[in-house]
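Colleague: Supplied in structure tokens, the structure appears directly below.
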Amino acid sequence: MKRLVMMIVVGLVLAACGSGDGKWVDHAYTAVGDDTDPDKLVKTTVFQPSDDLNVVVVLGSHNRDLAAMAVFTDPTGRSIPTDVLELDKTVGPVTFGLDFEQSGEQNWTAGDWRVDVYVGEPQKNVDFVPTDDNFQTGIKFRVEAPTQAG
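Following this line, the structure appears as structure tokens:
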């Protein structure tokens with residue numbers, strides 16, 4: 475009986491230490507704006523061809539350091555990863571984005587896009603890479619076609 479009680483206690487402690495199923499994200503949404511502060515961005519699912527493309531990720535409660543990144547995929551299937559961010563246990567919302575001015579693009583490709591968010595525990599001396607194990611959520615959004623000057 476003591477062994478069963480100990481196993482239950484260990485299970486509860488492990489569950490309290492973080493999301494056992496790897497789900498670290500409470501919610502995420504796409505937003506437009508030229509800032510990294512989520513409060514200065516506007517939530518949207520439709521972007522203009524020269525907008526900065528952002529995804530705001532709100533982490534659930536966690537008590538450990540995490541690594542995170544986003545991968546944007548355009549309508550042609552081209553993937554554009556963001557830098558990996560190391561997030562300490564005090565981080566709540568974080569913004570990943572593609573800055574239009576720094577992209578070198580004439581316009582973002584018009585059509586249906588997707589951004590996938592990956593969060594996991596960083597490993598010493600190992601680069602964080604997106605995998606099925608650390609996939610958190612995928613969000614679809616649209617980039618409008620450029621308007622023709624008349």
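Letter by letter, the sequence shown follows residues 475 to 624 in the numbering used here. Ideal Cβ placement from N, Cα and C applies to all residues, glycine included. No experiment lies behind these values; they were computed from the predicted model shown.
1) From the DSSP output, in three-state form, read off Glu575 for me.
2) For His536, is the classification buried or exposed, using 16 other Cβ atoms within 10 angstroms of its Cβ as the cut-off for buried?
3) Residues in its own chain within less than 7 Å of Val617 by CB, not counting five upstream and five downstream?
4) Please determine, among Asp513, Ala541, Ala505, Gly612, the residue with the shortest C-alpha to C-alpha distance to Leu572.
5) Following the continuous beta strand (DSSP E) through Lys598, name the residue where it begins and the one where it ends.
6) Check each candidate in Asp601, Pro604, Tyr592, Glu579 and name the one with the smallest Cα separation from Pro620.
Modeller: From the atom records:
1) If DSSP states are grouped into helix, strand and coil, Glu575 belongs with the helices.
2) Using a 10 angstroms sphere on the CB of His536, the tally of other CB atoms reaches 16 or more, which defines it as buried.
3) Phe521, Pro523, Trp582, Thr583, Ala584, Gly585, Trp587.
4) It is Ala505.
5) No beta strand (DSSP E) holds Lys598; DSSP gives it neither H nor E.
6) When C-alpha distances from Pro620 are compared across Asp601, Pro604, Tyr592, Glu579, the shortest belongs to Glu579.
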